[in-house]
Ligand SMILES: C[S@@+](CC[C@H](N)C(=O)[O-])C[C@H]1O[C@@H](n2cnc3c(N)ncnc32)[C@H](O)[C@@H]1O
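In the numbering used here, the protein residues as written are 2 to 283.
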């Protein structure tokens, strides 16, 4: 007599145990999302179909996904996309995986530009394009542009823009090089801000992000230091500079602003951690 085919519930349990043994955080949630991806279901449908017997080819495909995850490939790369605010953003090894805390950067910009029709906003270091695309999606009158130094990130951002049908002119440049003086109402950026020495200690998932997206130089502030200086030149008077930074960089980033900026403050993320520099050109 042939053995009964394993059910989806049994495969969920085995996958969860395997991921737990491999040290993957939240093995249950990871297993559920991988099974959902592999079977073309939502995670909720996976739970609702726990009694469904699986065919051998389905099990083999799911096993391959679980093995990839156990080897440290980010869940978002395996799934191929990330929910960011109201958009589904394609994510792969070409750019940093969009992080939930970065959604607040969009709120900070929208709040400050609420009374400025057709405000001109430039995002430095677009990566997947999640921030710039959200700004344009949520405020269609904004004139949003973006840049990155990485050609592969720009390629991915352009693909996301095209797929979502959002107009986003992109250029390859070093920070704000080439942008006309006093031409922007806001500069927004989530630049690389991890100190050199801390890179080695990052989780295997974070190490899957391009090093260009992470490495902020010896003290983590190389990019932000130059960005503050260049932003002052390209912003109009009263224009806004909004920058995401590391948990321990609030005081040091405020200090970089000097006399050229006013209303300088640090905003916390949802966990209460210092995360964003907000400053206005004096
Ligand atoms: C932390 S990632 C942020 C990506 C995206 N904005 C997000 O929030 O998910 C930083 C981005 O800055 C880019 N970058 C690094 N150095 C740069 C430079 N000198 N000029 C412009 N972009 C740079 C990286 O390629 C990367 O895409």
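C-beta atoms are modelled at their ideal positions from N, C-alpha and C, and glycine is treated no differently.
- With a cutoff of 8 Å on beta-carbon distance, residue 259 and residue 192 are scored as not near each other.
- Bridge partners of residue 147 according to DSSP: 124 and 171.
- Runs of the alpha helix (DSSP H) spanning 4 or more residues and lying entirely within the segment 175–224 occur at 205–208, in chain order.
- Rounded to the nearest angstrom, the gap between the Cα atoms of residue 85 and residue 243 is 18 Å.
- Within the same chain, and ignoring the five residues on either side of residue 164 in sequence, the residues whose Cβ sits closer than 8 Å to its Cβ are 91.
- Just measuring C-alpha positions, the residue of 237, 269 and 263 sitting nearest residue 245 is 269.
- The residue from 112, 138, 189 and 120 with its alpha-carbon nearest to that of residue 149 is 189.
- Residue 249 and residue 58 have their alpha carbons spaced roughly 49 Å apart.
- Taking the CA atoms as reference points, residue 275 sits about 11 Å from residue 102.
- Non-local beta-carbon contacts of residue 131 in its own chain, meaning distances under 6 Å to residues more than five positions away in sequence, involve 85, 90 and 99 in chain order.
- In the three-state DSSP reduction, residue 54 falls in the strand class (E or B).
- Around the beta carbon of residue 266, fewer than 16 other beta carbons lie within 10 angstroms, which makes this residue exposed.
- For residue 108, the enclosing alpha helix (DSSP H) starts and ends at 104–113.
- Per DSSP, the unbroken beta strand (DSSP E) holding residue 91 starts and ends at 88–91.
- At a Cβ-Cβ threshold of 8 Å, residue 78 and residue 283 do not count as neighbours.
- Around the beta carbon of residue 154, a 10 Å sphere encloses 16 or more other beta carbons of the protein chains shown; the residue is thus reported as buried.
- Three or more beta-carbon pairs separated by less than 8 Å link the segment 63–82 to the segment 10–25, which places the two stretches in contact.
- The C-alpha of residue 222 is placed about 8 Å away from the C-alpha of residue 195.
- Between ligand 1 and the CB of residue 150, the shortest heavy atom gap is smaller than 7 Å.
- Cβ contact annotation for residue 139 (same chain, cutoff 8 Å, sequence separation greater than five): 86, 87, 107 and 111, in chain order.
- Residue burial is scored here from C-beta neighbours: residue 173 has fewer than 16 other C-beta atoms within 10 angstroms and is therefore classed as exposed.
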